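Peer 1: I'd like to ask you about the structure that follows.
In my numbering, the protein residues as written are 13 to 125.
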């Protein structure tokens, strides 16, 4: 069930009306950058980020759904991307201090309290 949801989230994220290329361009990621994708969902943006930052960069994909994170890791492995770290958000996510250039959050405000 969650793979279906993850795929659905990715299709929505990739839809031209949502301007994914403009979003990515606005972030100005560079090779070697580190980024956290909080609320990564199906991983559409995390995977795109991983391709941009390259092997010297790092992408932290965080979500509250372990199945989504497994889906992301599976897709990263299939694409040969070794620079994605998946993190399950249970309470307060722990990221290495000073390790991020960018924090990316999209469509998550309804989850915040």
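By construction, the Cβ of each residue, glycine as well, lies at the ideal position given by its N, Cα and C atoms.
Nothing here was measured: the structure is a model prediction, and the numbers come from that model.
Which same chain residues end up closer than 7 Å to residue 68 when comparing Cβ atoms and leaving out the 5 residues on each side of it in sequence?
Peer 2: Same-chain partners within the cutoff: 43 and 44.
Peer 1: What ranges does the alpha helix (DSSP H) occupy inside the stretch 59 to 93, keeping only unbroken runs of at least 4 residues that lie completely in it?
Peer 2: 78 to 90
Peer 1: With distances taken Cα to Cα, identify the nearest neighbour of residue 7 among 75, 33, 104 and 41.
Peer 2: Nothing can be reported for residue 7, as the shown portion of the chain is limited to 13 through 125.
Peer 1: Skipping 5 residues on each side, what residues in its chain have a beta carbon closer than 7 Å to that of residue 91?
Peer 2: Leaving aside the five residues that flank residue 91 on each side, the residues in its chain whose CB is nearer than 7 Å to its CB run, in chain order, 59.
Peer 1: Is residue 66 closer than 8 Å to residue 21 when the C-beta atoms are compared?
Peer 2: no
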